[in-house]
Amino acid sequence: MKYHVYGIGNALVDMEFSVSDAFLAKNNIEKGLMTLIEEDKQQQLSDNLIKEFGLKKRAGGGSAANTIVAISQLGGKTFYACKVADDEGGNFYMKDLAEAGVETKLDKIKGDGITGKCMVMVTDDAERTMNTYLGITSDFCEADLQLEQLKNSEYLYIEGYLVTSDCSRNAAIAARKIATENGVKTAFTFSDPAMVTYFKDGVTEIIGDGVDILFCNEEEAQTYTSTDNLEDAITALESIAKKIIITQGKEGATIVSAGMRTSVDAKKVTPVDTNGAGDMFAGAFMYGLTQGYSDLDAGNLASQAAAEIVTTFGARLEKERLQAML
Numbered sequence: 044m045k046y047h048v049y050g051i052g053n054a055l056v057d058m059e060f061s062v063s064d065a066f067l068a069k070n071n072i073e074k075g076l077m078t079l080i081e082e083d084k085q086q087q088l089s090d091n092l093i094k095e096f097g098l099k100k101r102a103g104g105g106s107a108a109n110t111i112v113a114i115s116q117l118g119g120k121t122f123y124a125c126k127v128a129d130d131e132g133g134n135f136y137m138k139d140l141a142e143a144g145v146e147t148k149l150d151k152i153k154g155d156g157i158t159g160k161c162m163v164m165v166t167d168d169a170e171r172t173m174n175t176y177l178g179i180t181s182d183f184c185e186a187d188l189q190l191e192q193l194k195n196s197e198y199l200y201i202e203g204y205l206v207t208s209d210c211s212r213n214a215a216i217a218a219r220k221i222a223t224e225n226g227v228k229t230a231f232t233f234s235d236p237a238m239v240t241y242f243k244d245g246v247t248e249i250i251g252d253g254v255d256i257l258f259c260n261e262e263e264a265q266t267y268t269s270t271d272n273l274e275d276a277i278t279a280l281e282s283i284a285k286k287i288i289i290t291q292g293k294e295g296a297t298i299v300s301a302g303m304r305t306s307v308d309a310k311k312v313t314p315v316d317t318n319g320a321g322d323m324f325a326g327a328f329m330y331g332l333t334q335g336y337s338d339l340d341a342g343n344l345a346s347q348a349a350a351e352i353v354t355t356f357g358a359r360l361e362k363e364r365l366q367a368m369l
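Structure representation (structure tokens):
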């Protein structure tokens, strides 16, 4: 196999701000969730945020992209299929992935339009709230999948955010089917509570007959399965995933595989920004898995990486900080 993990997901340029709860309330922004917005609102929000708080950080983003970057920085071989426009944001995004060691075909497929942007607003309690204008990434479709690279991968990794666009959802469904036909295992992440709250049918459609690995947090697990406790959620999820990784914040994580439970302890840190914690956990876990780690060892690496990312602003770490964990 040429690639350990091939990812598909939204391509978004993250703009991070430290904000107040009062700002979120004043602007009717739902705290803790990802909300899709139109271009005019995104521009207005961006202007207001820059004026009131100043831009804290600008970086390449997107849930699956963050995971793929982490795998690459740890030493894995990765490919990312996504869609950016032939604009300043798209060029920034393409360069950012290349510098992280992630292979793409973006130099050949940039299109007309606007590259997606995500306003990441972080409050004093380290909670991240996102307002996203998808731009051209909402047009990511089956024709953008890069099938040769997909077929030459050990794992396909799909982010749940793709469910919000008919075109992208269909691309994810097609990718899973192609992966199955070619002996490529599939990992899927719910990505955000809003995805399983407002797009549950679409998420179910992407999962289809089931996936090899499912990443979610406790809230997402219970929301998707319409249960009010973790045990019932796990029982329901076992019918759709061979391995389930449920992150539980300061309680660590639970890994369920072949009826066996593995508990992973959380590392004690003082968080400043939870943006990207789940993506980082998934990336480090997937790296460990593709290198032959046990569930416990992969989980411990993932827990350490996730703890490190929440102590800094942004959804990605420097390569050296990740490599030091190996």
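Every position in the sequence shown, counted from 1, becomes a number in the numbering used here once 43 is added.
For every residue, glycine included, the Cβ atom is placed at its ideal position computed from N, Cα and C.
Bear in mind the structure is a predicted one, so any value in this text is a computation, not a measurement.
- Pairing F328 with L344, the inter-Cα distance amounts to about 7 Å.
- Ranking T223, N225, L117, E261 by CA distance to the CA of F233 puts E261 first.
- Looking from the CA of K220, the closest CA among A237, Y198, P236, G119 belongs to Y198.
- If you look at A296, you'll find it in the beta strand (DSSP E) that goes 296-300.
- Around the beta-carbon of M162, 16 or more other beta-carbon atoms lie within 10 Å, marking it buried.
- The alpha-carbon separation between G326 and G319 amounts to approximately 10 Å.
- CA-CA distance, T266 to F122, rounds to 31 Å.
- Segment contact: the region 84-91 against the region 188-205, fewer than three CB-CB distances shorter than 8 Å; contact not assigned.
- In this structure D271 is exposed. Its beta-carbon is surrounded by fewer than 16 other beta-carbon atoms within 10 angstroms.
- Counting only the Cα atoms, C210 lies some 22 Å from I111.
- In the DSSP annotation of this structure, the continuous segment of the beta strand (DSSP E) that includes C161 starts and ends at 159-165.
- Counting only residues of its own chain and dropping the five nearest sequence neighbours on each side, T229 has a CB closer than 6 Å to the CB of L199, R219, A222, V254, D255.
- Under the 8 Å Cβ criterion, the region 146-157 does not count as touching the region 56-75, having fewer than three qualifying pairs.
- Excluding the 5 residues flanking it on each side, D187 has same chain C-beta neighbours closer than 8 Å at A124, C125, K126, I152, A214, in chain order.
- Its chain contains F233, V246, E263, T266, Y267 as the residues whose beta carbon lies nearer than 7 Å to that of V239, once the 5 sequence neighbours on both sides are disregarded; these appear in chain order.
- In the DSSP assignment, S346 falls within the unbroken alpha helix (DSSP H) covering 338-352.
- Counting only the Cα atoms, L117 lies some 8 Å from L369.
- Counting along the chain, the unbroken beta strand (DSSP E) around F60 starts and ends at 55-61.
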